[in-house]
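First residue of the sequence shown: 12, per the working numbering; consecutive thereafter.
The C-beta atom is built at its ideal place from N, Cα and C for all residues, glycine as well.
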Amino acid sequence: MQSLLKSIRISLFLGLWIVLAGIYLPAASAKPSIAILELDAKGGITADEASIITDRLRAQLHQTGHFQILERAKMESVLKELGFQQSAFCDDSKCKAQIGKLLGVDGLVTGSVSRFDTLYTLSIRVLNVEKGVIIREEFQDCECPLKEILTRVTPQLVTRLLSQKTANALPHQAATAQTPTTAMPRASSPPLSVPASAPPSSMVNLPLGSLEVQTLAGSPANWQLPTNLSLTTSVQNGPALKADFQTPYALVWDAQGQLLIADAQNHLVRKLSLNGDVSTFSGAERGLLDTLTFADGDATVAKFNFPTSMARHPSGQIYIVDTDNHRIRVLNPNGHVSTFVGTGIAGFADGNPAVAQFHRPRGIAIDSAGNVYVADTGNHSIRKISPNAMVSTLAGNGRSGFANGQGSETQFNHPTALILHQDALYSADTFNHCIRKITLAGEVTTLAGDGREGFVDGNADQARFRFPRGLAFDTQDNLYIADTDNHRIRKYFADQQQVITVAGNGNADFADGNAAVAKFNQPIGLLFDPAGHLLVADSGNNRIRKIIFH
Numbered sequence: 012m013q014s015l016l017k018s019i020r021i022s023l024f025l026g027l028w029i030v031l032a033g034i035y036l037p038a039a040s041a042k043p044s045i046a047i048l049e050l051d052a053k054g055g056i057t058a059d060e061a062s063i064i065t066d067r068l069r070a071q072l073h074q075t076g077h078f079q080i081l082e083r084a085k086m087e088s089v090l091k092e093l094g095f096q097q098s099a100f101c102d103d104s105k106c107k108a109q110i111g112k113l114l115g116v117d118g119l120v121t122g123s124v125s126r127f128d129t130l131y132t133l134s135i136r137v138l139n140v141e142k143g144v145i146i147r148e149e150f151q152d153c154e155c156p157l158k159e160i161l162t163r164v165t166p167q168l169v170t171r172l173l174s175q176k177t178a179n180a181l182p183h184q185a186a187t188a189q190t191p192t193t194a195m196p197r198a199s200s201p202p203l204s205v206p207a208s209a210p211p212s213s214m215v216n217l218p219l220g221s222l223e224v225q226t227l228a229g230s231p232a233n234w235q236l237p238t239n240l241s242l243t244t245s246v247q248n249g250p251a252l253k254a255d256f257q258t259p260y261a262l263v264w265d266a267q268g269q270l271l272i273a274d275a276q277n278h279l280v281r282k283l284s285l286n287g288d289v290s291t292f293s294g295a296e297r298g299l300l301d302t303l304t305f306a307d308g309d310a311t312v313a314k315f316n317f318p319t320s321m322a323r324h325p326s327g328q329i330y331i332v333d334t335d336n337h338r339i340r341v342l343n344p345n346g347h348v349s350t351f352v353g354t355g356i357a358g359f360a361d362g363n364p365a366v367a368q369f370h371r372p373r374g375i376a377i378d379s380a381g382n383v384y385v386a387d388t389g390n391h392s393i394r395k396i397s398p399n400a401m402v403s404t405l406a407g408n409g410r411s412g413f414a415n416g417q418g419s420e421t422q423f424n425h426p427t428a429l430i431l432h433q434d435a436l437y438s439a440d441t442f443n444h445c446i447r448k449i450t451l452a453g454e455v456t457t458l459a460g461d462g463r464e465g466f467v468d469g470n471a472d473q474a475r476f477r478f479p480r481g482l483a484f485d486t487q488d489n490l491y492i493a494d495t496d497n498h499r500i501r502k503y504f505a506d507q508q509q510v511i512t513v514a515g516n517g518n519a520d521f522a523d524g525n526a527a528v529a530k531f532n533q534p535i536g537l538l539f540d541p542a543g544h545l546l547v548a549d550s551g552n553n554r555i556r557k558i559i560f561h
């Protein structure tokens with residue numbers, strides 16, 4: 012009954028909004044307006060502590076000068092009139108987008124704070140209210156007192172997460188920038204079958220006209236408030252260029268040669284068939300008020316919570332990193348989902364499936380013997396899972412930092428993408444802004460990146476990246492890198508140890524075309540197709556793109 016009343020209440024919000032708009036809307040400003048919802052107090056955190064951290068976050072945002080901040084009192088008055096209490100009312104980004112619209116702001120800042128023993132974890136997201144999609148998401152751990160969270164960690168998060176780039180990604184600032192700068196993709200673009208040679212490996216100065224970027228699948232976000240009382244959202248399936256996604260993260264080929272897509276914010280696994288149609292392969296669509304975020308079972312009942320990475324097992328099954336469920340799941344060819352390892356509780360523990368724990372993992376790779384390797388992002392470690400599901404730590408010691416070496420003496424800082432190539436693992440060490448190599452014996456070295464955030468091409472040890480999150484090798488052993496927050500696709504030449512830019516100009520935008528004009532918005536997942544094209548999960552544009560090398 013309570014859920015039904017909430018459903019009815021939300022259908023009345025828009026009417027109340029008409030009355031409240033003239034009273035509470037922020038005044039017109041050259042800056043985008045944002046509201047900061049109270050951070051959710053997770054395990055080990057009191058509501059008062061979460062409120063203190065939220066207030067510091069609000070103050071730091073105001074000091075950037077990039078935003079017009081909706082006053083807390085005004086925001087709480089609107090929410091009180093509408094009968095719910097900030098982010099506790101819903102935990103779905105689409106539902107929160109409606110809150111943002113009711114508040115009359117361009118962006119909504121949400122998140123959570125938790126504490127495990129002496130370890131704090133802050134997770135912050137910025138929502139583009141107009142599009143209903145997350146445009147930035149970061150989290151940070153700190154084994155420190157609350158005072159340090161307030162004086163050091165929160166300012167660092169604001170600097171990294173809520174820069175001028177984030178302001179530009181909000182509609183008030185970016186109405187022009189977010190408009191596609193080329194014509195929309197042709198409906199007749201062939202989805203998977205355009206023949207082409209493999210990418211060139213001998214030319215460091217890649218000619219700008221030697222490649223073309225096309226849209227393979229996806230269309231601009233067009234989500235509307237559901238009119239049914241169940242408030243169940245529906246994704247748009249069908250022809251590839253009419254389908255919609257919400258922050259696609261990862262790509263993998265199934266045993267039949269069809270493309271599977273980890274549609275992270277929709278909490279689904281989608282399929283792009285050889286005939287160019289998109290369908291939901293596994294995962295039950297979530298209602299806006301649905302609090303159940305985990306379920307094993309057949310394709311129509313299984314539930315994921317922000318799936319971010321996938322790899323195909325020698326058996327043909329797909330292993331999925333279910334990030335916010337802190338689990339590794341197994342997807343069989345019929346869409347049935349089971350849990351391989353992970354208790355569902357964030358933690359750091361080796362051992363059998365009953366005790367092994369992960370903390371928001373985001374990368375996975377599988378060797379020919381069936382050993383599974385996981386980038387355990389929140390634990391800053393690379394984990395190994397044997398075929399009989401015994402979990403051990405291959406590299407890293409659970410603390411964020413940077414150190415090469417062997418096994419537990421090494422350190423990472425939020426490793427994400429993980430790929431296996433020629434009996435070695437490669438990981439995007441995202442917050443260290445570099446690419447690391449891990450042997451199967453646990454020896455760690457740095458392949459590319461000097462560890463400083465930025466953008467520099469050239470010698471691998473001097474190159475700079477900005478939060479890289481995707482990796483793929485071509486047939487000549489060259490490594491392609493999704494330089495996510497530089498909005499570029501980069502390439503590491505194995506024989507010359509050089510890094511170049513393949514496509515993207517550094518601006519978060521959308522455009523198809525050759526390398527000189529193509530634009531991306533936070534690319535993440537990378538995957539080569541059999542013809543040598545590079546597929547890109549362009550997460551900020553909610554599209555799957557294809558780079559064709561001529």
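Item	Value
Since Cys153 sits in a beta bridge, which residues does DSSP pair it with?	Tyr131
Check whether the region 470-484 touches the region 430-440, counting contact only when three or more Cβ pairs, one atom from each stretch, lie closer than 8 Å.	yes
Rounding to the nearest angstrom, what Cα-Cα distance links Ala70 and Thr486 in this structure?	50 Å
Should Gln368 and Ala357 be called a contact, given that it needs their Cβ atoms to be closer than 9 Å?	yes
Tell me the rounded alpha-carbon separation between Ala61 and Tyr491.	40 Å
CB-CB under 7 Å to Ser123, same chain, minus the five flanking residues each way: which ones, in chain order?	Leu50, Asp51, Lys53 and Ser134
Smallest Cα separation from Ala493: which of Gly517, Gln267 and Ala505?	Gly517
Can you give the Cα-Cα distance for Ile63 and Ile56, rounded to whole angstroms?	11 Å
For the region 463-474 against the region 519-534, do three or more pairs of beta-carbon atoms, one drawn from each stretch, fall closer than 8 Å, so that the two count as touching?	no
Under the three-state reduction of DSSP, which class applies to Phe484: helix, strand or coil?	strand
Enumerate, from N- to C-terminal direction, the unbroken alpha helix (DSSP H) stretches of 4 or more residues contained entirely within the region 60-93.	83-93
Strictly by DSSP, which residues pair up with Val147?	The sequence shown places Arg at residue 147, rather than the Val named in the question. Arg147 pairs with Val137.
Quick check: the region 359-374 against the region 386-405, are there 3 or more CB pairs under 8 Å?	yes
At 3 residues or longer, what runs of the beta strand (DSSP E) sit wholly inside the region 343-371?	348-352
Apply the 10 Å Cβ neighbour rule to Arg463 and answer buried if 16 or more other Cβ atoms are within range, or exposed otherwise.	exposed
For Asn443, count the other beta carbons within 10 Å of its own beta carbon; 16 or more makes it buried, fewer makes it exposed. Which is it?	buried
Bridge partners of Arg562, per DSSP?	No answer is possible for residue 562: the residues shown for the chain start at 12 and end at 561.
Taking 9 Å as the threshold (C-beta atoms), are Asn382 and Pro364 in contact?	no
When you compare each of Leu451, Thr388 and Pro156 to Arg126 by their alpha carbons, which one comes out closest?	Pro156
Could you compute how far the alpha carbon of Gln269 sits from the alpha carbon of Thr75?	46 Å
Cutting at 6 Å between CB atoms, please list the residues of its own chain near Asn552, excluding the five before and the five after it.	Phe521 and Asn532
Note down the Cα distance separating Ala548 from Thr258, rounded to an integer number of angstroms.	8 Å
Give a yes or no on whether the C-beta atoms belonging to Thr421 and Ala406 are separated by under 9 Å.	yes
Cβ atoms of Asn336 and Phe351: under 9 Å apart, would you say?	no
For Arg281 and Thr162, I'd like the C-alpha separation in whole angstroms.	42 Å
In this structure, how does DSSP classify Phe478 when only helix, strand and coil are distinguished?	coil
What three-state label does DSSP hand Lys142 in the structure shown?	coil
Using a Cβ-Cβ cut-off of 7 Å (strictly less than) and excluding sequence neighbours within five positions of Asn216, which residues of its own chain qualify?	For Asn216, the predicted structure reports a pLDDT of 49, less than 50, and the residue's modelled location is therefore unreliable. The matter cannot be settled from this model.
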